[in-house]
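K.L.:
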Amino acid sequence: MTSRVVVLTGASSGIGKAAALAFAARGDRLVLAARGLADLEKVAASCGGSPLVVPTDISVRAEVEELAEAAVDRFGRIDVWADTAAVMAYGKFEEVPADVFDHVVTTDLLGSANVARAALAVFRRQGAGTLILCGSLLGHITAPYMSAYVTSKWGLRGLARTLRQETRDAPGINVCQLVPGSVDTPIYTSAANYAGFVGRPPPPVDSAERMGAGILRLADRPRRELSVGAANRFAELGFKTMPPVYDALVGPMMGRLGLSRRRAVPDAGNVFRPAGRVEGGPARWGRLPVAALAATATVLASTTVAVGVRRLRRGS
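Under full-length UniProt numbering, the residues of the sequence shown are numbered 1 to 316, in order.
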């Protein structure tokens, strides 16, 4: 297979950075975009091969259109566009400032819509192309203290499905969605925070590299959706089949597993502008209490057992 032209929005860290390195290792030609130029240039240096670097805020439609034009001017086409750009805010809905909530949705949902609009315009002219949108397990379930992010990812899931329906007339165009569970990325420490404690990915936690490999898989063999996360199916099962139990447990578990014990003062984080990023990792998150890990295992096991019992009763 000849090398592809790949545009990556959100390429400065986390999943986007991991995807950039995976595509570079394969020999693809890259266009790297994110808000922060300094971090983008570091990623570009790690990729080698002189990627095109275009600082871009996906929440600004004109910047996304300029990014698409720059990619086509440089390489003549776009074969794959993967969007992993996202921001996050912690806190109860009533305590998160309205402008912070709105801008999370603007970036994570409307920004992805800007990307989809620009990418599909190029793909229509070419007659082919693959769009990969980065969703989340939180586009399939809900969790307290993350209302803006959950709202965005549920909306993005609906957008992705609608785009697949609307591109059925173009067999060469693929619209895919990666669905990560908990991932070790800087998004948690960079997030706006009105919850009182620094956020962290609840266990089990996957590496950004595993998600980057998932994006590469979707580019190589497009499919509607790829869920990557050991607990994803269990969480979805509990959410769909036992709503009262799920709703009773998710709050305490989020407070125990999704928030660290490190205090956080109210702050908008990187929602409105790039901020210094701190990579994650076990040392950064701190050790999760054994009781918390045991609680996770217990909930997953009880969910499986309860669903099994329900199915047996239906069959009897």
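Built from N, CA and C at the ideal position, the CB exists for glycine as well.
Remember, predicted model here, so these are calculated numbers, not experimental data.
(1) Within 10 angstroms of its Cβ, does G229 collect 16 or more other Cβ (buried), or is it exposed?
(2) Could you tell me the boundaries of the beta strand (DSSP E) in which F197 lies?
(3) For a minimum of 3 consecutive residues, which ranges assigned as the beta strand (DSSP E) are wholly contained in the segment 196 to 245?
(4) May I ask which residues mark the beginning and end of the beta strand (DSSP E) holding N174?
(5) Beta-carbon within less than 7 Å of residue 394's beta-carbon, same chain only, minus the 5 sequence neighbours each way: which residues are those?
(6) How many angstroms separate the CA atom of I58 from the CA atom of D206?
(7) Any chance the CB of V6 is under 7 Å from a heavy atom of the ligand MG?
(8) For the candidate residues A22, L237, A24 and S12, whose alpha-carbon lies nearest to that of V43?
(9) Any idea which residues DSSP pairs Y90 with across the strands?
(10) Under three-state DSSP, which class holds S136?
(11) So is S182 buried or exposed if we call it buried at 16+ other beta carbons inside 10 Å?
(12) Pick helix, strand or coil for D83, following the three-state DSSP scheme.
(13) Tell me which same chain residues have a C-beta within less than 7 Å of the C-beta of G269, skipping the five on either side of it?
(14) What number of angstroms, rounded off, separates the C-alpha of K17 from the C-alpha of L30?
(15) Find the nearest neighbour of G251 within the set R221, I141 and G214, judged by alpha-carbon distance.
(16) Between the alpha carbons of A68 and I78, how many angstroms are there, rounded?
(17) Checking 8 Å against the spacing of the C-beta atoms, do L156 and S227 come in under that value?
(18) Using C-beta distances below 7 Å, list every residue in its chain close to Y246, excluding the 5 sequence neighbours before and after it, in chain order.
P.N.:
Well, looking at it:
(1) Along the sequence shown, one-based indexing puts residue 229 at 229. When all chains shown are included, G229 counts as buried.
(2) Taking the first residue of the sequence shown as 1, we reach residue 197 at position 197. F197 -> beta strand (DSSP E) spans F197 to G199.
(3) Every unbroken stretch of the beta strand (DSSP E) spanning 3 or more residues and falling wholly within the segment 196 to 245 is given here in chain order: 197 to 199, 205 to 207 and 225 to 228.
(4) The sequence position of residue 174 within the sequence shown is 174, counting from 1. The continuous beta strand (DSSP E) containing N174 extends over residues I173 to P180.
(5) Here the chain comprises residues numbered 1 to 316, so residue 394 is not present and cannot be evaluated.
(6) Looking up residue 58 in the sequence shown gives position 58. Looking up residue 206 in the sequence shown gives position 206. The alpha-carbon of I58 is positioned some 26 Å away from that of D206.
(7) As for the ligand MG, it is missing from this structure, which has no ligand bound.
(8) Working through the sequence shown from its first residue, we reach residue 43 at position 43. Checked all of A22, L237, A24 and S12; the closest Cα to V43 is S12.
(9) For the purposes of this step, residue 90 is taken as residue 90 along the sequence shown, with counting starting at 1. Residue pairing by DSSP puts Y90 in a beta bridge opposite N193.
(10) Residue mapping note: residue 136 aligns to position 136 of the sequence shown, counting from 1. Note: S136 maps to coil in three-state DSSP.
(11) Numbered from its first residue, the sequence shown carries residue 182 at position 182. When all chains shown are included, S182 counts as buried.
(12) Indexing the sequence shown from 1 puts residue 83 at position 83. Strand, per DSSP.
(13) Locating residue 269 in the sequence shown gives position 269, counting from the first residue. Close CB contacts of G269 within its chain, under the 7 Å cut and outside five residues either way in sequence, are with S190, A191, A192, N193 and A275 (chain order).
(14) Taking the first residue of the sequence shown as position 1, residue 17 is located at position 17. Taking the first residue of the sequence shown as position 1, residue 30 is located at position 30. Looking at the two C-alpha atoms, the distance is approximately 12 Å.
(15) Counted from its first residue, the sequence shown places residue 251 at position 251. The shortest Cα separation from G251 among R221, I141 and G214 belongs to I141.
(16) Locating residue 68 in the sequence shown gives position 68, counting from the first residue. Locating residue 78 in the sequence shown gives position 78, counting from the first residue. Roughly 8 Å between the two C-alpha positions.
(17) Here residue 156 corresponds to residue number 156 of the sequence shown, with the count starting at 1. Here residue 227 corresponds to residue number 227 of the sequence shown, with the count starting at 1. Contact annotation: L156 and S227 have beta-carbon atoms that are not nearer than 8 Å.
(18) As a working note, residue 246 is residue 246 in the sequence shown. Correct list, in chain order: G238 and F239.
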